[in-house]
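What follows is a single structure, written as structure tokens, with notes after it.
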Amino acid sequence: MRLPLRARYNGGIAADGKLPLYDGTTSIQGVAQAVQIATHALLTKTIVTRATAARSADFYLMPSRSGSYLIELAAYIEANPAVAGITAPIFYDWIKTIFTKATRRAPAEPETPKVIRWMERDEPFLDELAETLEGSLQRVHRPIGTEVTTITFERPRSELLTLNAHTKAWVNTRDVASDSTPFTGNVTRFNSITRNGRIFIDQLSRVIPFKPDGDFAMGGLQYLTWSLHGSTNDLPKSLSLHAREVKSATEETKRLLLVDCTRLDPAAA
113 MRLPLRARYN GGIAADGKLP LYDGTTSIQG VAQAVQIATH ALLTKTIVTR ATAARSADFY
173 LMPSRSGSYL IELAAYIEAN PAVAGITAPI FYDWIKTIFT KATRRAPAEP ETPKVIRWME
233 RDEPFLDELA ETLEGSLQRV HRPIGTEVTT ITFERPRSEL LTLNAHTKAW VNTRDVASDS
293 TPFTGNVTRF NSITRNGRIF IDQLSRVIPF KPDGDFAMGG LQYLTWSLHG STNDLPKSLS
353 LHAREVKSAT EETKRLLLVD CTRLDPAAA
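Okay, so the sequence shown: first residue is 113 according to our numbering, each after it adds one.
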């Protein structure tokens, strides 16, 4: 199955069919890495941290065309039992969904039943994948500024998503805070194997991804599962926790690295 995909660079010098040499080639490399990592996750349900050869798929760079600067690539997915059920609509919906999730705070809105179910059942996995894609997507965004205004990913005859200065600010994270910040909240999703999860933070009034940091006491895992159980069954669930914030270039909190947590004393709430 051949699945063509385009990345169209718009505005600035891209309108003349040009890209700055260093930032342009860095961006194209980022496109290749991001597409391969995302496709590997779709086909194998596993996450790789660099763009190795994806099992059951090959990728090729196609001849360029004139006009706004356009790169064309194609994924060739083998027909075998391991990828049964993967169709063109699922592939494009997956690319749109995971790239949207990785490049903005707004929630991704998948359209195909398979991707919708995956979002519902294992959002912590998708949070981990979005975090893994960050480095590649930072490279994709390199030319955006005075020389290129937007980059649009396209499937044949329609657009998937557009990257711009706002998505560039989101993927370019600041250094992780060295000091932890106190929060209260409750766990809404948690994967006991990967230890990635999602938590509603009272101070932020929204759900964000989290994972235990390197100095997190393993005894705290019991409180994460306790809070998840309470969220699921309408029981006590509130946690008092300390976490290091990972923020975007615009100072929005993207995810938390937990340092410690315990049950919240109702008398202290």
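Where a beta carbon is used, it is the ideal one built from N, C-alpha and C, also for glycine.
Cβ separation of residue i and residue j, assumed to be a contact under 8 Å, to the nearest whole Å
{"i": "residue 258", "j": "residue 124", "result": "6 Å"}
{"i": "residue 369", "j": "residue 325", "result": "4 Å"}
{"i": "residue 350", "j": "residue 376", "result": "4 Å"}
Nonlocal neighbours in the same chain, by C-beta distance under 7 Å from residue i, ignoring five residues either side
{"i": "residue 115", "result": "186, 187, 189, 200 and 203"}
{"i": "residue 119", "result": "143, 183, 263 and 265"}
{"i": "residue 87", "result": "Any answer about residue 87 is impossible in this case: the structure gives the chain only from 113 up to 381."}
{"i": "residue 242", "result": "210, 213 and 214"}
{"i": "residue 195", "result": "155, 168 and 189"}
{"i": "residue 348", "result": "342"}
{"i": "residue 327", "result": "371"}
Residues sharing a beta bridge with residue i, DSSP
{"i": "residue 266", "result": "118 and 271"}
{"i": "residue 216", "result": "Bridge partners of residue 216: none, in fact."}
{"i": "residue 189", "result": "169"}
{"i": "residue 299", "result": "311"}
{"i": "residue 252", "result": "Per DSSP, none; premise fails for residue 252."}
{"i": "residue 372", "result": "354"}
{"i": "residue 226", "result": "Its beta-bridge partners do not exist; DSSP assigns none."}
{"i": "residue 324", "result": "370"}
{"i": "residue 294", "result": "354"}
{"i": "residue 359", "result": "365"}
{"i": "residue 285", "result": "360"}
{"i": "residue 233", "result": "Answer is none; residue 233 lacks a bridge partner."}
{"i": "residue 260", "result": "256"}
Minimum C-alpha distance to residue i - residue among the options
{"i": "residue 283", "options": "271, 142 and 352", "result": "142"}
{"i": "residue 371", "options": "301, 137, 290 and 216", "result": "290"}
{"i": "residue 233", "options": "131, 302 and 315", "result": "302"}
{"i": "residue 251", "options": "374, 135, 306 and 313", "result": "135"}
{"i": "residue 121", "options": "367, 356, 343 and 181", "result": "181"}
{"i": "residue 140", "options": "197, 337 and 184", "result": "184"}
{"i": "residue 273", "options": "221, 309 and 298", "result": "221"}
{"i": "residue 296", "options": "354, 277, 240 and 247", "result": "354"}
{"i": "residue 287", "options": "119, 357, 133 and 113", "result": "357"}
{"i": "residue 276", "options": "312, 215 and 324", "result": "215"}
{"i": "residue 306", "options": "174, 137, 149 and 235", "result": "235"}
{"i": "residue 304", "options": "376, 192, 341 and 285", "result": "341"}
{"i": "residue 321", "options": "298, 327 and 150", "result": "298"}
{"i": "residue 148", "options": "377, 217, 268 and 249", "result": "249"}
{"i": "residue 364", "options": "347, 279 and 344", "result": "279"}
{"i": "residue 174", "options": "245, 117, 255 and 351", "result": "117"}
{"i": "residue 253", "options": "269, 268, 318 and 285", "result": "285"}
{"i": "residue 211", "options": "245, 240 and 223", "result": "245"}
{"i": "residue 158", "options": "132, 193, 375 and 239", "result": "239"}
{"i": "residue 237", "options": "308, 377, 359 and 328", "result": "308"}
{"i": "residue 352", "options": "192, 132, 292 and 366", "result": "292"}
{"i": "residue 373", "options": "256, 345, 346 and 339", "result": "339"}
{"i": "residue 154", "options": "375, 207 and 345", "result": "207"}
{"i": "residue 138", "options": "150, 256, 323 and 218", "result": "256"}
{"i": "residue 268", "options": "223, 218, 150 and 205", "result": "205"}
{"i": "residue 150", "options": "197, 132, 247 and 192", "result": "247"}
Proximal residues to residue i (C-beta, below 6 Å), its chain only, five neighbours per side dropped
{"i": "residue 362", "result": "281"}
{"i": "residue 170", "result": "188"}
{"i": "residue 172", "result": "186"}
{"i": "residue 113", "result": "189"}
{"i": "residue 366", "result": "358 and 360"}
Residue i Cβ short of 7 Å to the ligand FMN heavy atom set
{"i": "residue 290", "result": "No copy of the ligand FMN appears in this structure; indeed no ligand is present at all."}
Nonlocal neighbours in the same chain, by C-beta distance under 8 Å from residue i, ignoring five residues either side
{"i": "residue 294", "result": "352, 353 and 354"}
If contact is defined by three or more beta carbon pairs under 8 Å, each pair taking one atom from either stretch, is the segment 252 to 269 in contact with the segment 330 to 340? With a cut-off of 8 Å, the segment 252 to 269 and the segment 330 to 340 do not count as touching, because too few Cβ pairs lie within range.
If you pair each beta-carbon of the segment 225 to 237 with each one of the segment 129 to 149, do three or more pairs fall below 8 Å? Between the segment 225 to 237 and the segment 129 to 149 there are fewer than three C-beta pairs closer than 8 Å, too few to call the two in contact.
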